[in-house]
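Chemist:
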Amino acid sequence: MLLKIKKRSDICSSEITPEPIYHDRRRFMQQSGRLAMAGLGLMLAGCSQEGEAISQKAQVDTMPSQPGPQWLKKQVLEFIPNVYTTNEVLTPHKDVTTYNNFYEFGTGKGDPVRNAHSLKTDPWSVVVEGEVAKPGRYHLEDILKPHAMEERIYRLRCVEAWSMVIPWIGIPLANILKQFEPTSKARFVEFTTLYDPEQMPGQRSSFASLDWPYVEALRIDEAMHPLTLMATGLYGDILPNQNGAPFRLVVPWKYGFKSIKSIVKIRLTEQQPATTWEASAPQEYGFYANVNPAVDHPRWSQKYERRLPGTLLSPNRIETQPFNGYGEEVADLYKGMDLTRFY
Ligand code: MTE
14 MLLKIKKRSD
24 ICSSEITPEP
34 IYHDRRRFMQ
44 QSGRLAMAGL
54 GLMLAGCSQE
64 GEAISQKAQV
74 DTMPSQPGPQ
84 WLKKQVLEFI
94 PNVYTTNEVL
104 TPHKDVTTYN
114 NFYEFGTGKG
124 DPVRNAHSLK
134 TDPWSVVVEG
144 EVAKPGRYHL
154 EDILKPHAME
164 ERIYRLRCVE
174 AWSMVIPWIG
184 IPLANILKQF
194 EPTSKARFVE
204 FTTLYDPEQM
214 PGQRSSFASL
224 DWPYVEALRI
234 DEAMHPLTLM
244 ATGLYGDILP
254 NQNGAPFRLV
264 VPWKYGFKSI
274 KSIVKIRLTE
284 QQPATTWEAS
294 APQEYGFYAN
304 VNPAVDHPRW
314 SQKYERRLPG
324 TLLSPNRIET
334 QPFNGYGEEV
344 ADLYKGMDLT
354 RFY
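Residues 14 to 356 in my numbering are what the sequence shown spells out, letter by letter.
What follows is the structure in structure tokens.
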């Protein structure tokens with residue numbers, strides 16, 4: 014199922030994709046009809062141009078170009094392909110960007126794409142506070158600029174028992190956190206989503222089922238794990254607003270609700286933070302939220318999932334894997350813990 018994590022030193026310069034080459038390649042692929050092959054989600058090793066072309070530029074012919082800051086677009090388009098990949102079929106771009114959970118824009122799966130297009134993501138600043146040597150309010154550009162963008166193709170397993178395979182682009186969270194120099198007291202990292210009821214209709218709804226702003230958190234060793242990503246793009250472009258622009262967390266071995274969107278605050282703490290879903294229903298949603306087919310949600314089974322896209326008649330049901338298939342990489346983080354208690 015896996016595949017590989019490349020080290021910086023394994024990456025050949027031919028894999029770094031400047032914007033004009035990306036567009037040339039995009040044109041080339043459209044002309045030569047290779048998109049169908051890309052849709053197979055083929056995994057390619059090595060440093061060949063062939064590998065680059067097929068890697069994940071699937072369905073680019075139907076992708077709208079995302080509006081957003083030019084500096085970010087430029088940086089995202091220079092992503093290093095295939096840093097972590099899978100041989101599974103990619104979920105089509107259309108499903109990734111129209112079937113979403115982003116309750117700030119409504120609780121229906123189609124609400125985020127309908128309502129999030131007007132979210133202003135530029136300028137964007139992020140407050141960093143707590144157990145760090147360098148707290149402050151940072152421009153997003155200053156946080157992201159020092160880092161190379163990597164392509165990571167990960168499974169996303171929602172606690173609601175649907176799943177996708179998404180070609181993210183982003184930066185390992187560890188690299189971002191190290192910039193702020195966490196102190197020895199930093200045991201957890203808390204993230205907060207933008208609170209702006211004027212722009213986010215779900216936050217002004219009297220039917221809102223959650224307390225705003227949305228907050229999530231990780232233990233520091235989870236945050237520093239090489240799989241944990243701060244995503245800034247998907248499918249070769251910056252993130253659409255409905256997917257959490259301008260940057261969001263992606264923790265592939267945990268249920269999707271841990272992967273918080275549109276982050277405006279990062280706080281390092283000594284105590285375990287209270288998180289939104291756990292606070293709303295602690296008997297249903299735990300702090301850890303590791304994907305675990307052996308621990309059912311009180312109202313439904315977690316043994317299987319619907320890999321999207323599917324239909325009512327053909328739901329594309331597959332077995333759920335412990336840690337969403339990333340056990341080899343992350344199970345050690347939880348050695349000795351009772352995962353039925355710490356769900
Ligand atoms: N982040 C915020 N701020 N608000 C949300 O409602 N939903 C979570 C997570 N991050 C959510 C959020 C859930 S339940 C899931 S499954 C994923 O986002 C979905 O990400 P996607 O819409 O990009 O597939």
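Cβ coordinates follow ideal geometry from the N, Cα and C atoms, glycine included. Everything numeric in this text was worked out from a predicted model, so none of it was measured.
#1: Provide the residue(s) that pair with residue 278 in DSSP beta bridges, ordered along the chain.
#2: Measuring only the C-alpha atoms, how far is residue 204 from residue 230?
#3: Grab me the residues of residue 181's own chain with a C-beta within less than 8 Å of its C-beta, minus the 5 sequence neighbours each way, in chain order.
#4: Residue 45: buried (16+ other C-beta within 10 angstroms of its C-beta) or exposed?
#5: So for residue 175, helix, strand or coil by DSSP?
#6: Alpha carbons only, please: which of 136, 202 and 143 is nearest the one belonging to residue 155?
#7: Taking the alpha carbon of residue 147 as the point to measure from, which residue in 199, 132, 108 and 322 has its own alpha carbon closest?
#8: First and last residue of the alpha helix (DSSP H) that includes residue 312?
#9: So, for residue 37: in the same chain, excluding its five sequence neighbours on each side, which residues have a beta-carbon less than 6 Å away from its beta-carbon?
#10: Measuring alpha carbon to alpha carbon, tell me which of 132, 185, 196 and 301 ends up nearest residue 238.
#11: In angstroms with no decimal places, state the Cα-to-Cα distance between residue 343 and residue 178.
#12: Between which two residues does the alpha helix (DSSP H) carrying residue 214 extend?
#13: Mark residue 356 as exposed unless 16 or more other C-beta atoms lie within 10 angstroms of its C-beta, in which case mark it buried.
#14: Hey, residue 201 and residue 141: beta-carbon distance below 7 Å or not?
#15: So is the beta-carbon of residue 272 under 6 Å away from any non-hydrogen atom of the ligand MTE?
#16: What alpha helix (DSSP H) runs, 4 residues minimum, are completely inside the region 77-110?
#17: What's the gap between the Cα of residue 305 and the Cα of residue 318?
#18: If I measure Cβ to Cβ from residue 350 and keep anything under 6 Å in the same chain, skipping five residues before and after, which residues do I get?
#19: Pull the bridge partners of residue 246 from the DSSP assignment, please.
#20: Identify the residues that DSSP records as bridge partners of residue 262: which are they?
#21: Who does residue 170 pair with in a DSSP beta bridge?
#22: Count Cβ pairs between the region 272-279 and the region 254-262 that sit closer than 8 Å; are there 3 or more?
#23: Would residue 214 and residue 128 be called neighbours here (beta carbons separated by less than 7 Å)?
#24: Report the rounded CA-to-CA distance for residue 106 versus residue 293, giving the unit in angstroms.
#25: Kindly give me the distance between the Cβ atoms of residue 88 and residue 157, rounded to whole angstroms, as I take these residues to be in contact under 8 Å.
#26: Compute every distance between the C-beta of residue 120 and the non-hydrogen atoms of the ligand MTE, then say whether any falls below 6 Å.
#27: So is the beta-carbon of residue 357 under 6 Å away from any non-hydrogen atom of the ligand MTE?
#28: Please confirm whether any heavy atom of the ligand MTE lies closer than 6 Å to the CB of residue 204.
Modeler: According to the structure shown:
#1: 140 and 205
#2: 6 Å
#3: Within the same chain, 164, 165, 166, 167, 242, 244, 246, 247 and 263 come within 8 Å of residue 181 by CB-CB distance, once the 5 residues on both sides are set aside.
#4: In this prediction, residue 45 has a pLDDT of 31, which is less than 50 and means its spatial position is unreliable; what the coordinates show is noted afterwards. Exposed, by the Cβ-count rule.
#5: strand
#6: 136
#7: 199
#8: Note, residue 312: premise wrong, no alpha helix (DSSP H); not H, not E.
#9: With a pLDDT of 42 at residue 37, under the threshold of 50, the modelled position of this residue cannot be trusted; read the value that follows with caution. Cβ neighbours of residue 37 beyond the five flanking positions: none.
#10: 185
#11: Distance between the alpha carbons of residue 343 and residue 178: 19 Å.
#12: 214-217
#13: Classification for residue 356: buried.
#14: Against a cut-off of 7 Å, the Cβ pair of residue 141 and residue 201 comes out as no contact.
#15: yes
#16: 83-90
#17: Near 11 Å, if we compare the C-alpha coordinates of residue 318 and residue 305.
#18: none
#19: 182 and 251
#20: 243
#21: 176
#22: yes
#23: yes
#24: 31 Å
#25: 6 Å
#26: no
#27: A question about residue 357 goes unanswered here, because the residues of the chain that appear run from 14 up to 356.
#28: no
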